[in-house]
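Note that UniProt numbering has the sequence shown beginning at 1, numbered continuously upward.
Idealized CB from N, CA, C, for every residue including glycine.
Values in this document were obtained by computation on a predicted structure and should not be read as measured data.
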Amino acid sequence: MTEHSVTAKQAREHSIELSLEQLIACQYWAKESIPLPHKKTRAHLVGGHLSPFKGRGMEFAEVRQYQPGDDIRTIDWRVTARTGKVHTKIFQEERERPVYIVTDLQDTMFFGSRNRFKSTLACLHSARAFWAAFNTGNRVAGLFSTANEHIELKPSNRRQNGLRLLQRLMELHNQRLESVYSEAEAYNINQNSLQEMLMRLRHLVKGGSLIYIFSDFMNLNDDCRQHLTYLAQHNDIYGVMIADPLEASIPLPGQYTLTDGLRHIRIDASNQRDMQQHQQAFEQRVAQIRQNFTLSQSAFALCSTADSITDLSLDPNIQNSLSLVNAEVK
Numbered sequence: 001m002t003e004h005s006v007t008a009k010q011a012r013e014h015s016i017e018l019s020l021e022q023l024i025a026c027q028y029w030a031k032e033s034i035p036l037p038h039k040k041t042r043a044h045l046v047g048g049h050l051s052p053f054k055g056r057g058m059e060f061a062e063v064r065q066y067q068p069g070d071d072i073r074t075i076d077w078r079v080t081a082r083t084g085k086v087h088t089k090i091f092q093e094e095r096e097r098p099v100y101i102v103t104d105l106q107d108t109m110f111f112g113s114r115n116r117f118k119s120t121l122a123c124l125h126s127a128r129a130f131w132a133a134f135n136t137g138n139r140v141a142g143l144f145s146t147a148n149e150h151i152e153l154k155p156s157n158r159r160q161n162g163l164r165l166l167q168r169l170m171e172l173h174n175q176r177l178e179s180v181y182s183e184a185e186a187y188n189i190n191q192n193s194l195q196e197m198l199m200r201l202r203h204l205v206k207g208g209s210l211i212y213i214f215s216d217f218m219n220l221n222d223d224c225r226q227h228l229t230y231l232a233q234h235n236d237i238y239g240v241m242i243a244d245p246l247e248a249s250i251p252l253p254g255q256y257t258l259t260d261g262l263r264h265i266r267i268d269a270s271n272q273r274d275m276q277q278h279q280q281a282f283e284q285r286v287a288q289i290r291q292n293f294t295l296s297q298s299a300f301a302l303c304s305t306a307d308s309i310t311d312l313s314l315d316p317n318i319q320n321s322l323s324l325v326n327a328e329v330k
C-alpha cells in the first residue's frame, strides 16, 4: 500500500466514516448542562398561574401514614384499604427531563467540502448532545432516520443503553455511507423522510422533554412546520441546521452541476450574477428555516462542516449563527 493510499484512507476514517471511539470521545466537548425549560406554560389543572416548568413537575416518592394538614387528594386508597389506616402519597420535584436526539441521515447529508461530511458532523454533535444530557443524569432517547429506515431508542439513563444508542447511530451512518457511494445503489431521496420522523416523534415524546434536531432541513415542508409547532407547545426544541460552505458560495470559477437528488441545475461560477443568486437562495432558505423555529418559540443554530465541533453550544438559550458565506476556503 502506497503512502498516498494510506493518507487517503486515514482522511476518510477521520472525516467521513464514524467509529464508536469518536462518538465516545465527544463527551470531552460536552461541558454544558441540560437547562431547565426556558418557556412559560399555563398550568390549567392547578390554577391560572404561569409555571416555568412543563410536564408533570412532580414524581411519586413514597407512601406514609396520613397526617393532619395533608391534601386529601393524595390519599392512597389501596394502601388505606389494605392496612386499615389512612395513608397518603408523597411526591418530590422532578429533577430530570427526557432528552431526545433526532438525527437526520437523509442522503443529502452525505456531502461535504471541508473537514467532514454533513452527516458526520451531525452524528458528532448528536453524540455531544447525548453526553451533555447523560452526564447530568437525564434520560436520553434516540430517533435516527434515513430515506427508508427509522431507528427508535427509548429514554434511558443507563450507560449500557447509551453506548448502544451511539453504536446504532454509528452503524446506521456507515451503512448508509457505503450504500450512497456504492455503484450498485443510486442516490435515494425520500421527500417525506423528515415529515415522517417528526410525526413519529409526536407519538413518542412526553411533555416537558428537550428535543435536539440535527438536519440540513432540505425537506422541511408545511407538514413538518405543523409537527414542530405542535411539539413546541409542550417541549423545548433546539434545531441545528448542518450546512456546507459550497451550499452558500462557490469559490472557484467553472461549470458546476448541482442536484438535490431529483433535479439538476447547471451553474457558471465565473458568472457573478449566478453566484449572487446562488448565495441569496441559500440565505433565504436559512432565514425561512430560522423563522419557522422562531415562530414556534424554539431555538435555532446554523453550523458548517468548515467549523470545529467545539464552536457549537448545546444550550438552547444560546442561539448560534455560524457564517458559511464568509468561510475561508483553503
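Legend entry - Residue of A81, V180, Q67, L198 minimising C-alpha distance to I101: By 1-based counting over the sequence shown, the position of residue 101 is 101. Measuring from the Cα of I101, the nearest candidate turns out to be L198.
Inset, instruction - Could you round the C-beta distance between R139 and N157 to whole angstroms and report it? I think they count as a contact, below 8 Å. - result: Sequence index remark: in the sequence shown, residue 139 carries index 139 (1-based). Sequence index remark: in the sequence shown, residue 157 carries index 157 (1-based). The pair is a contact, with the Cβ atoms about 5 Å apart (cut-off 8 Å).
Inset, instruction - Would you mind reading off the limits of the alpha helix (DSSP H) that contains D222? - result: Taking the first residue of the sequence shown as position 1, residue 222 is located at position 222. Here the alpha helix (DSSP H) through D222 covers 222-234.
Inset, instruction - Report yes if the C-beta of C123 is less than 7 Å from at least one heavy atom of the ligand MG; otherwise report no. - result: In the structure shown, the ligand MG is absent, as is every other ligand, since no ligand is present at all.
Legend entry - Complete runs of the alpha helix (DSSP H) confined to the region 92-127 [at least 4 residues]: Within the region 92-127, no run of alpha helix (DSSP H) at least 4 residues long lies entirely inside it.
Inset, instruction - For my contact list, L153 and G142 are in at a C-beta cut-off of 8 Å; report their separation, rounded to the angstrom. - result: Residue numbering aside, residue 153 sits at position 153 when the sequence shown is read from its first letter. Residue numbering aside, residue 142 sits at position 142 when the sequence shown is read from its first letter. Yes, L153 and G142 are in contact; Cβ-Cβ is about 4 Å, under 8 Å.
Inset, instruction - Answer with buried or exposed for P253, where buried requires no fewer than 16 other C-beta atoms within 10 angstroms of its C-beta. - result: By one-based count along the sequence shown, residue 253 stands at place 253. Classification for P253: exposed.
Legend entry - V240, DSSP secondary structure in three states: Counting from one through the sequence shown, the residue named residue 240 turns up at place 240. Reduced to three states, the DSSP call for V240 is strand.
Legend entry - Distance CB(S145)-CB(A232) smaller than 8 Å: Position 145 of the sequence shown, counting from 1, holds the residue named residue 145. Position 232 of the sequence shown, counting from 1, holds the residue named residue 232. For the 8 Å CB-CB criterion, S145 and A232 do not form a contact.
Legend entry - Beta bridge counterpart(s) of K89 as assigned by DSSP: Residue numbering aside, residue 89 sits at position 89 when the sequence shown is read from its first letter. DSSP, once it has assigned bridges, lists V63 as partnering K89.
Inset, instruction - Take T103 as the anchor and find which of A133, S193, A287 has the nearest alpha-carbon. - result: In the sequence shown, residue 103 corresponds to position 103, counting from 1. Scanning A133, S193, A287 for the CA closest to the CA of T103 turns up S193.
Inset, instruction - Using three-state DSSP, classify F214 as helix, strand or coil. - result: Taking the sequence shown and counting its residues from 1, one reaches residue 214 at position 214. The three-state secondary structure of F214, taken from DSSP, is strand.
Legend entry - Member of S249, E247, A248, R266 whose CA lies at the smallest distance from the CA of Y256: Along the sequence shown, read from residue 1 onward, the residue named residue 256 stands at position 256. Taking only the C-alpha atoms, the option nearest Y256 is R266.
Legend entry - Status (buried if at least 16 other CB within 10 Å, exposed otherwise) for F91: As a first step, residue 91 is located in the sequence shown; it is residue number 91 there, counting from the start. That one is exposed.
Legend entry - Coarse secondary structure for S209, derived from DSSP in three states: Taking the sequence shown and counting its residues from 1, one reaches residue 209 at position 209. Residue state, collapsed to three classes: coil.
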